[in-house]
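My numbering numbers the first residue of the sequence shown as 1 and each following residue consecutively.
Glycine is no exception: its CB is placed at the ideal position from the N, C-alpha and C atoms.
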Amino acid sequence: MIRFDCDYLEGAHPKVLKKIVETNYEQTAGYSRDEYTSSAIKKIKKLCKREDIDVHILVSGTQTNFTVISSALKSYQAVICTDSAHINVHETGAVESLGNKIIAVKNNEGKLSSKQVEKIVAQHYDQDSPEHTVMPKLVFITLPTEYGTNYTKKEIEDIYNVCKKNDMYLYIDGARLGYGLVAKDTDIKISDLPNMCDAFYIGGTKQGALFGEAVVLVNNDLKKDFRYFIKQRGGLLAKGRLLGIQFDTLLDKDLYFTISKHAVELALRIKEAFINAGFKLKYNSFTNQQFVILPNEVFEKLNKEFALYKWEKEDSKNVVARVCTSWATTEENVNKLIEKIQKL
Ligand SMILES: Cc1ncc(COP(=O)(O)O)c(C=O)c1O
């Protein structure tokens with residue numbers, strides 16, 4: 001079985017593993033106080049062209065999201081996100097379990113708009129007793145979105161401006177940030193991000209690391225005591241150097257973006273093959289995740305040889321299949337899938 005159902009099917013990029021093995025017997029300080037983590041942080045500051053950001057490397061995406069969000073909010077404050085946002089549907093209520101309500105609004109191809117944020121803020125403050133309802137305080141978006149679509153710089157800047165005007169934070173989930181930033185449907189560079197949000201993370205787990213997500217805190221309010229929050233939420237890894245080594249390696253000589261481009265190029269070849277074979281796309285994605293509408297029997301047939309992810313039912317006769325590539329996907333396997341698609 002050849003798998004295309006997600007982008008965390010493989011271990012880690014060989015350079016990451018090599019570095020972990022090479023440094024195996026070195027003794028370093030624990031809890032991310034080691035020199036590999038310091039070097040990774042230096043590289044992130046250089047990439048972001050900002051020395052005044054704080055960087056912390058956590059273990060997983062869910063942990064990163066609930067740690068950042070719960071540390072930013074008081075108990076009566078809420079998060080605004082789309083109904084499709086990972087924190088709203090796929091994180092087992094982690095944010096709510098820590099006491100903060102999520103206000104979810106209808107997504108447009110996975111995206112949230114500044115107008116939607118403005119509307120929620122207006123609804124909250126234009127009433128006699130705002131304090132009887134939760135206060136919107138943080139906006140959560142994902143770059144690229146759950147559906148592989150991207151935001152433009154202007155779209156995020158517009159959201160950020162609404163946030164600033166209303167004393168709110170903007171936090172960007174970058175679980176697949178590399179795959180998003182190398183795609184042709186965005187004009188955002190990594191160095192733009194600190195100027196257009198209060199916090200974001202650079203995803204590692206889906207992008208060549210065994211595990212790890214690097215959080216960048218821009219707003220000074222969020223920086224204070226963040227290590228206390230990480231520790232309390234179980235995210236301060238004793239052998240934190242493993243996180244540092246991985247990011248230090250991935251961010252060396254542009255490896256992170258080179259492997260992202262590889263995944264995106266292969267995903268676009270698969271997308272084209274589906275279009276040429278007459279299938280419709282659910283979302284027009286230019287990143288490593290593609291969403292194709294397939295008749296149920298075609299999905300079943302393909303799935304005998306190639307694992308695709310049954311994302312959702314389109315209607316009684318069709319499903320939406322998610323097809324992912326990753327840093328590790330081979331051309332050989334993509335060619336096999338394309339041959340199969342051509343024969344459908
Ligand atoms: C956009 C996004 N954020 C966060 C996560 C959560 O990551 P994890 O499974 O490492 O907790 C995922 C996982 O698929 C994701 O797609």
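For Ser347, count neighbouring Cβ atoms within 10 angstroms of its own Cβ and tell me buried if that reaches 16, exposed if not. Residue 347 lies beyond the residue range present for the chain, which begins at 1 and ends at 344; the question has no answer from this structure.
Return the first residue and the last residue of the alpha helix (DSSP H) that Val117 is part of. 114-125
In terms of residue numbering, what span does the beta strand (DSSP E) encompassing Asp221 cover? Segment 220-223 is the alpha helix (DSSP H) holding Asp221; no beta strand (DSSP E) there.
Could you give the distance in angstroms between the alpha-carbon of Ala104 and the alpha-carbon of Val55? Roughly 28 Å between the two C-alpha positions.
For ligand 1, any of its heavy atoms closer than 7 Å to the Cβ of Glu10? no
If distances are taken between C-alpha atoms only, which option among Leu193, Tyr179, Lys239 comes closest to Leu255? Minimum Cα distance to Leu255 is reached at Tyr179.
Does DSSP put Phe247 in a helix, a strand or coil? Residue state, collapsed to three classes: helix.
Proximity to Ile360 [Cα-Cα], best of Leu344, Gly148, Gly212, Val121: Outside the displayed range of the chain (1 to 344) lies residue 360, so it cannot be described from this structure.
So, using beta-carbon positions, are Gly235 and Asp34 closer together than 8 Å? no
Would the beta-carbon of Thr142 be found less than 7 Å away from any heavy atom of ligand 1? yes
If you draw a straight line from the alpha carbon of Ala183 to that of Phe286, how long is it in whole angstroms? 6 Å
Give me the Cβ distance between Asn107 and Thr82, rounded to the nearest whole Å; I'm assuming they're in contact under 8 Å. 4 Å
Report yes or no: do the stretch 279-299 and the stretch 22-31 share at least 3 C-beta pairs separated by less than 8 Å? no
What do you reckon, are the CB atoms on Ile269 and Ile202 nearer than 8 Å? Checking the sequence shown, residue 269 turns out to be Arg, not Ile. Not in contact: Arg269 and Ile202 (Cβ atoms no closer than 8 Å).
Meets three-Cβ-pair contact criterion under 8 Å: the stretch 40-52 and the stretch 77-96: Counting Cβ pairs under 8 Å, fewer than three are found: no touch.
Taking 7 Å as the cut-off, is the C-beta of His86 nearer than that to any heavy atom in ligand 1? yes
Could you spell out where the alpha helix (DSSP H) holding Asp173 opens and where it closes? That residue, Asp173, is in no alpha helix (DSSP H); its beta strand (DSSP E) goes 169-173.
Tell me, to the nearest whole angstrom, how far the beta carbon of Lys310 is from that of Phe299; I am working on the premise that it is less than 8 Å. 7 Å
Give every residue of the same chain whose Cβ lies closer than 7 Å to the Cβ of Val218, excluding the five residues on either side of it in the sequence, and list them in chain order. Ile53, Pro194, Cys197, Asp198, Ala199
Can you tell me whether Asn284 is helix, strand or coil according to DSSP? coil
Relative to ligand 1, is the shortest distance from any of its heavy atoms to the C-beta of Gly365 smaller than 7 Å? The requested residue 365 does not occur in the structure, where the chain is confined to residues 1 to 344.
Please list, in chain order, all residues of the same chain as Thr142 whose beta carbon is under 6 Å from its beta carbon, the five residues on each side excluded. Asp173
Short of 6 Å in beta carbon distance, which residues of its chain neighbour Ala267, apart from the five on each side in sequence? Order them along the chain. Asn288, Gln290, Thr325
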